[in-house]
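Each protein sequence line maps, in turn, to chains V and H.
Using this note's numbering, you'd call the opening residue of the first sequence number 1 and step up by one each time.
Using this note's numbering, you'd call the opening residue of the second sequence number 1 and step up by one each time.
Note sheet for the following structure.
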Amino acid sequence: MDIRENMEKKYHEALSTYLKDQNEQALYQGQKISRLHIKYNISPEEIISMHKNNLMELYPELPGKVLDSFDFLLEVMMGYGIAYREHQSLRHQQQELKTEIEIAANVQHTLLETEIPDIKALEIGAISVPARQMNGDYYHFVQDENERIGVGIADVIGKGIPAALCMSMIKYAMDSLPEHRHEPNSVLESLNRVVEHNVDPSMFITMFYGLYDPHDRLFSYASAGHEPGFYYDAATGTFSDLDAKGLLLGVDKKTRYRQYEKKVNRGDMIILLSDGVTECRTNDGFIEGKRLLVSLKRICICKPRKW
Amino acid sequence: MNITVDVNELNTEFIVKLKGEIDAYTAPKLRESLFPISEQENVSITIDLTEVSYMDSTGLGVFVGAFKSVRAHNGEFTLVGLSERLRRLFDITGLADIIDIKSGTEGGLE
């Protein structure tokens, strides 16, 4: 017996049981059948035709007009049948897209992977949690032959897949910078030209780039419109904003970036973040800078890698 | 989450009043309203943000895009009525240095 015949038999049984004594139990069979119909792609007009055949069989004396009315109903339901089939095919397409995005997210993850440098003078930790499947945030560490550590953190304005693709471009632009060009202001100036030239005019990138030299403990940095980070001064036990001014990448190709310097003492801490943190809306409104500092003070006693 | 875009035109001067939230969902509507205006020659656009309750970086992207387009067509682009929070967004991103911005009530349009 094929599925259709089987379904017809089930429909027949359930309908006649219900018509005999209209109880809840028999009515519930109708719900179960409805799920089966969806499972086996039986359209609304087919169900009506099934219903009509059953009625003719159960009540041969039924007035012809009543039966004719089912042909009319069948025509009316035709549109729903078409809509249902469209829905089925969209669901199928959506599944395909979802799979493709999952693969793309994996590829991106591999492309943007960065290794946290391991040097005696510093303890470094990083965490990134994407808002959606593909991540528009990016951080990257570089270590040159003089043991200087470069750190870049960037955020594409706009989320989702286009932003994520854009981030991969930034990574490759950074990789192709020559070794001696790792001064923060010149890194931002080079990337600004790449972004201005290559990216859609309404897509922009905020970026912070810092370079730490363990020999003179100097942290030099520059910002292209990026959310300011924090500096923890161990001697006084206080946090301050790591202020740096500079225009977003991709707005004006002639933009020059100012470089700032900070002498880092033992026990001090530099915290960089993306605006995904301060832009995040919680039940109590935004996460304000002040609240963020309270949390930071609480965790600053932990080892960074354990965050 | 919604936005209303109210455009008043007088010759080449446009006053655009925005009301609501500007985020990834409403940004396309804003972009569609602003871009055709921004591509006209010698246009002057003033955007009133007094009644904008929220804006994220997607909204910022729309304004930068419109600003660049207006500048390329020799026009003027002004933002007025920014709340402290919005003002901070433009300050951090360095945009306050290149876009004409009048904050708070100072520039609010009646």
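We put the beta carbon where it would ideally sit given N, CA and C, even for glycine.
All of these numbers come straight from a predicted model, not from anything done at the bench.
Using three-state DSSP, classify residue i as helix, strand or coil.
i      : result
V:Y139 : strand
V:Y232 : strand
H:D6   : strand
H:F67  : helix
V:I127 : coil
V:V156 : strand
V:I149 : strand
H:D48  : strand
V:K120 : coil
V:I38  : helix
V:D252 : coil
V:K171 : helix
V:E179 : helix
V:K32  : helix
V:K52  : helix
V:N283 : Because the pLDDT of V:N283 is 49, which lies under 50, any placement of that residue in the model is unreliable, and the number read from its coordinates should be weighed accordingly. Coil at V:N283, not helix or strand.
H:I101 : strand
H:S53  : strand
V:E24  : helix
V:E45  : helix
How big is the Cα-Cα spacing for residue i and residue j?
i      : j      : result
V:Q108 : V:G30  : 48 Å
V:D216 : V:N146 : 12 Å
H:R88  : H:V5   : 23 Å
V:M269 : V:Q143 : 19 Å
V:K98  : V:H140 : 28 Å
V:D155 : V:R266 : 30 Å
V:L90  : V:K39  : 16 Å
V:N198 : V:A164 : 15 Å
H:D23  : H:D97  : 23 Å
V:F239 : H:T78  : 36 Å
V:T282 : V:Y209 : Bear in mind that the predicted position of V:T282 carries a pLDDT of just 49, short of 50, making it unreliable; the figure below should be weighed with that in mind. Their Cα atoms are separated by approximately 29 Å.
H:T46  : V:Y138 : 34 Å
V:R193 : V:G79  : 54 Å
V:K306 : H:Y25  : Note that V:K306 scores a pLDDT of 43, beneath 50, so its modelled location is shaky; the value from the coordinates is reported in the next line. Their Cα atoms are separated by approximately 36 Å.
H:G59  : H:S38  : 16 Å
V:Q88  : V:Q94  : 10 Å
V:E8   : V:I101 : 41 Å
V:E179 : H:S33  : 45 Å
V:K10  : V:I33  : 8 Å
V:D200 : H:F67  : 14 Å
V:D284 : V:S223 : Below a pLDDT of 50, predicted positions are generally treated as unreliable, and V:D284, at 49, falls in that range; the measurement from the model is reported next regardless. Straight-line Cα distance between these residues: approximately 30 Å.
V:D175 : V:D233 : 32 Å
H:E84  : H:K102 : 11 Å
H:E9   : H:F90  : 26 Å
V:L177 : V:P184 : 12 Å
V:V129 : H:R31  : 29 Å
V:E261 : V:Y221 : 6 Å
H:K29  : V:F230 : 36 Å
H:E76  : H:D100 : 9 Å
Looking only at its chain, what residues have a beta carbon closer than 6 Å to the beta carbon of residue i, apart from the 5 residues adjacent to it on each side?
i      : result
V:D241 : P228
H:E51  : K19
V:D71  : none
V:L15  : N54
V:Y212 : I149 and F219
V:E45  : L74, M77, M78 and G81
Below 8 Å CB to CB, which residues in the same chain sit around residue i once its five sequence neighbours on both sides are set aside?
i      : result
V:E189 : T255, R256 and Y257
H:L86  : L49, V52 and M55
Only counting the same chain, and skipping five residues up and downstream in sequence, which positions put a Cβ closer than 7 Å to that of residue i?
i      : result
H:G107 : Its pLDDT being 44, under 50, H:G107 is placed unreliably in this model, and the coordinates cannot settle the point.
H:E41  : H73 and N74
H:V64  : L95
V:E13  : none
V:K52  : L67 and F70
V:A235 : N265
V:K263 : R217 and L218
Go to residue i, then tell me how far its beta strand (DSSP E) extends in each direction, as first and last residue.
i      : result
H:S83  : That residue, H:S83, is in no beta strand (DSSP E); it is neither H nor E in DSSP.
H:I22  : E13 to I22
V:M207 : I205 to D213
V:K263 : Y260 to K263
V:T17  : From DSSP, V:T17 is part of no beta strand (DSSP E) but of the alpha helix (DSSP H) over I3 to K20.
V:Y221 : L218 to A224
V:L242 : T238 to L242
At which residues does the alpha helix (DSSP H) containing residue i begin and terminate?
i      : result
V:F70  : G64 to L111
V:I271 : Counting along the chain, V:I271 falls outside any alpha helix (DSSP H), though it belongs to the beta strand (DSSP E) covering M269 to I271.
H:S38  : A27 to S38
V:E196 : P184 to N198
Quick check: does the Cβ of residue i come within less than 7 Å of any heavy atom belonging to the ligand PLP?
i      : result
V:V129 : Ligands in the displayed structure: none, and consequently the ligand PLP is not present.
Against chain V: residues of the stretch 54-66 of chain H by CB proximity under 7 Å: Listed in sequence order: D56, S57, T58, L60, G61, V62, V64 and G65.
With 9 Å as the C-beta to C-beta threshold (strictly closer), list the residues of the stretch 218-248 of chain V near chain H in chain order. S223, A224, G225, H226, E227, P228, K245, G246, L247 and L248
Using a Cβ-Cβ cut-off of less than 8 Å, list which residues of the stretch 184-209 of chain V approach chain H; keep chain order. P201, S202, M203, F204 and T206
Relative to chain V, which residues along the stretch 88-100 of chain H have a C-beta separation below 8 Å, given in chain order? Flagged, chain order: I92, T93, G94, L95, D97 and I98.
Residues from the stretch 251-263 of chain V in contact with chain H, defined by Cβ distance under 9 Å: V251, D252 and T255
Contact set between the stretch 11-22 of chain H and chain V, restricted to residues whose Cβ is under 8 Å from the partner: Cβ contacts with chain V come from no residue of the stretch 11-22 of chain H.
Which of the residues in the stretch 68-83 of chain H, read from start to end, lie with their CB under 8 Å from any CB of chain V? K68 and S69
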